[in-house]
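The structure appears right after this line, and notes come after that.
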Amino acid sequence: MILVIICAMFSSLLSAQEKSRLFFVVIAKETKTKIKTAQKVAIFLNGNEPFLARIAEDILSINLANAGFSIINREKLEKAIGEQIIKKRKEKIGGTINALEIGNLVNADLFFTGTLLIKSTETEPLLTEIASFQILDVKTERVLMRVVFKPEKGESFLEIAKKFVDILRSNIK
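Given below as structure tokens:
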């Protein structure tokens, strides 16, 4: 069974001054148990600015590590991705490499994926226009949670990462 919650202005996590909108799209009922028991987490974010997406990935990794998650390092993930690409080329197998394949290769319990739309202006550099996240259970191949952040005026990714971790913490209590 999947619990679907759609909500704007999730006031228990956001102050009125921030005027951010937070939309929970999907929360599976086993999310709490899976997040609580996860030993290793892999993270892969992408976005309109790949270099900035990698920095955002680092920020999210730090916040998750501070919350008690064990993060698989990026080099191990990149090695697994490279090996899969080489394998598919040798075997002349087409198709893309997906997060669950990589998660299995690096023995991750959970895989956090996401997409960021980042904008930069002269007065306010590096604001996140929208950020979406999925938490995948590598073993069952289920999506445990999807979260979308859409701030009204853009927001630093550091603040978004903190809110995302707060959501995770609230789901493991």
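Numbering (this note's numbering), first residue to last: 427 to 599.
Cβ coordinates follow ideal geometry from the N, Cα and C atoms, glycine included.
Notebook entry, point to check: Run through DSSP, which three-state label would residue 566 get?
Noted result: Residue numbering aside, residue 566 sits at position 140 when the sequence shown is read from its first letter. In this structure, residue 566 counts as coil in the three-state DSSP scheme.
Check: With distances taken from CA atoms, which of 535, 523, 489 and 577 is nearest residue 566?
Finding: Counted from its first residue, the sequence shown places residue 566 at position 140. Per the Cα distances, 535.
Next item on the list: Please classify residue 474: is it buried, with 16 or more other beta-carbons within 10 angstroms of its beta-carbon, or exposed?
Entry: Along the sequence shown, read from residue 1 onward, the residue named residue 474 stands at position 48. Classification for residue 474: exposed.
Notebook entry, point to check: Since residue 557 and residue 503 are thought to touch, with beta carbons under 8 Å apart, how far apart are those beta carbons, to the nearest angstrom?
Noted result: If you number the sequence shown from 1, residue 557 lands on position 131. If you number the sequence shown from 1, residue 503 lands on position 77. With 8 Å as the limit, residue 557 and residue 503 do not qualify as a contact, their Cβ atoms being about 20 Å apart.
Next item on the list: Run the proximity test for residue 585: is its beta-carbon closer than 7 Å to any non-hydrogen atom belonging to the ligand FAD?
Entry: The ligand FAD is absent from the structure shown, which contains no ligands of any kind.
Check: What is the rounded straight-line gap between the Cα of residue 513 and the Cα of residue 593?
Finding: As a first step, residue 513 must be located in the sequence shown, where it is residue number 87. As a first step, residue 593 must be located in the sequence shown, where it is residue number 167. Taking the straight line joining both Cα atoms gives about 38 Å.
Item checked: Terminal residues of the beta strand (DSSP E) in which residue 468 lies -> Your numbering for residue 468 matches position 42 in the sequence shown. Counting along the chain, the beta strand (DSSP E) containing residue 468 begins and ends at 467-473.
Notebook entry, point to check: Around the C-beta of residue 431, are 16 or more other C-beta atoms found within 10 angstroms, so that it is buried, or is it exposed?
Noted result: Within the sequence shown, residue 431 is the residue found at index 5, counting from 1. Because residue 431 carries a pLDDT of 38, less than 50, the predicted location of this residue cannot be relied on, and no value is offered for it.
Checklist line | residue 496 (DSSP reduced to helix, strand or coil) | finding: One-based indexing of the sequence shown puts residue 496 at position 70. If DSSP states are grouped into helix, strand and coil, residue 496 belongs with coil.
Checklist line | Under 8 Å between C-beta atoms of residue 554 and residue 580 | finding: Here residue 554 refers to the residue found at position 128 when the sequence shown is read from its first residue. Here residue 580 refers to the residue found at position 154 when the sequence shown is read from its first residue. For residue 554 and residue 580, yes; Cβs fall inside 8 Å.
Note to self: Give me the DSSP bridge partner(s) of residue 540.
What the structure shows: Here residue 540 refers to the residue found at position 114 when the sequence shown is read from its first residue. Answer by DSSP bridge pairing, in chain order: 471 and 559.
Notebook entry, point to check: DSSP state of residue 581, grouped into three classes?
Noted result: Taking the first residue of the sequence shown as position 1, residue 581 is located at position 155. Note: residue 581 maps to strand in three-state DSSP.
Item checked: Cβ-Cβ separation, residue 485 to residue 583 (assumed contact under 8 Å), whole Å -> Mapped onto the sequence shown, residue 583 falls at position 157. Mapped onto the sequence shown, residue 485 falls at position 59. With 8 Å as the limit, residue 583 and residue 485 qualify as a contact, their Cβ atoms being about 6 Å apart.
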